[in-house]
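Novice: Residue numbers (the working numbering): 0 to 243.
Glycine residues also receive a C-beta, built at the ideal position from the N, C-alpha and C atoms.
Take this structure first; my questions come after.
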Ligand code: FPP
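Take a look at the structure:
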């Protein structure tokens, strides 16, 4: 008699999964390779994560590709990371588009190389109407600055007289964030065993389930994404209320 294999119920799927891709350097170091080798393998893991999210039917996948603090790394490493992003966008854009993936970017465009800004604009414009997975790439992104910018926008509106201070609430604030039209992440994954948010989606992750994986980003695969979603399902989500 054939024993049926257990079917894992991943429904309802999280709408939005966000990932802090960490551990490229350690992956390379453990193999006696330069850090750049870790980033290259990390870019392959990006492809697997995007494919996995599409196959599972996740609505939004946000990847922390380059933080506003990453400029402090040696110039050669920064160039390498920008080069990888350039390569990824050039090589994958047509296929992402064919697969109905909408590509979005959050973060500050200033300081990014001009051709990268152009590629970002092209990617966003080309995929704007796609209704499959939305891939959000956080590039030169820092959550504290994003929050400060939202506060500045509100202050300007109050100074202009188009907004009353008493009308500033969570909804008004959220609308001034770069993620205004993106649902908050349900699950936030960080690889490499580190357990920090590192200035990533601080406002948006208020109720996200945090899943810390003891694997390095270049080793991340579709099964790890599915496993993190299973972990999300195992946890009770109460939004501050009590169990019924
Ligand atoms: C963290 O590893 C990873 C990064 C700072 C960058 C992530 C970039 C990629 C995965 C490659 C390209 C991205 C895209 C979207 C194509 P780390 O260098 O901090 O590792 P360590 O903590 O072990 O040193």
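1) Which residue from 139, 103, 144 puts its Cα closest to that of residue 127?
2) Are three or more beta carbon pairs between the stretch 199 to 219 and the stretch 31 to 47 nearer than 8 Å?
3) Which whole-angstrom value is the C-beta distance of residue 21 and residue 191, which I expect to be below 8 Å?
4) Does DSSP put residue 198 in a helix, a strand or coil?
5) Out of curiosity, what's the CA-to-CA distance linking residue 82 and residue 27?
6) Around the Cβ of residue 206, are there at least 16 other Cβ atoms within 10 angstroms (buried) or fewer (exposed)?
7) Since residue 64 and residue 136 should fall inside the 8 Å C-beta cutoff, what is the C-beta to C-beta distance between them, to a whole number of angstroms?
8) Could you spell out where the beta strand (DSSP E) holding residue 139 opens and where it closes?
9) What is the rounded straight-line gap between the Cα of residue 114 and the Cα of residue 196?
10) Return the first residue and the last residue of the beta strand (DSSP E) that residue 61 is part of.
11) Find the nearest neighbour of residue 89 within the set 106, 70, 120, 61, judged by alpha-carbon distance.
12) For the ligand FPP, I want to know if residue 228 counts as a neighbour, meaning its beta carbon is within less than 7 Å of at least one of the ligand's heavy atoms.
13) For residue 165, does the count of other Cβ atoms within 10 angstroms reach 16, so buried, or fall short, so exposed?
14) Would you check if the stretch 9 to 25 and the stretch 54 to 69 touch, i.e. whether three or more CB-CB distances between them fall below 8 Å?
15) What does a CB cutoff of less than 7 Å around residue 105 pick up in its chain, not counting 5 residues either side in sequence?
16) Taking the alpha helix (DSSP H) that residue 231 falls in, what are its first and last residues?
17) In the DSSP assignment, the beta strand (DSSP E) including residue 260 goes from what residue to what residue?
18) Starting from residue 211, follow its DSSP beta bridges and name the residues at the other end.
Specialist: The relevant details are as follows:
1) 103
2) With the cut-off at 8 Å, the stretch 199 to 219 and the stretch 31 to 47 touch.
3) 4 Å
4) Coil, per DSSP.
5) 18 Å
6) exposed
7) 5 Å
8) 133 to 140
9) 29 Å
10) 59 to 66
11) 120
12) Set against 7 Å, the gap from the CB of residue 228 to the closest heavy atom of the ligand FPP is not smaller.
13) Exposed: under 16 other Cβ atoms inside 10 Å.
14) yes
15) Taken in chain order, the residues that qualify are 135, 137, 140, 177, 178.
16) 221 to 233
17) Residue 260 lies beyond the residue range present for the chain, which begins at 0 and ends at 243; the question has no answer from this structure.
18) 189.
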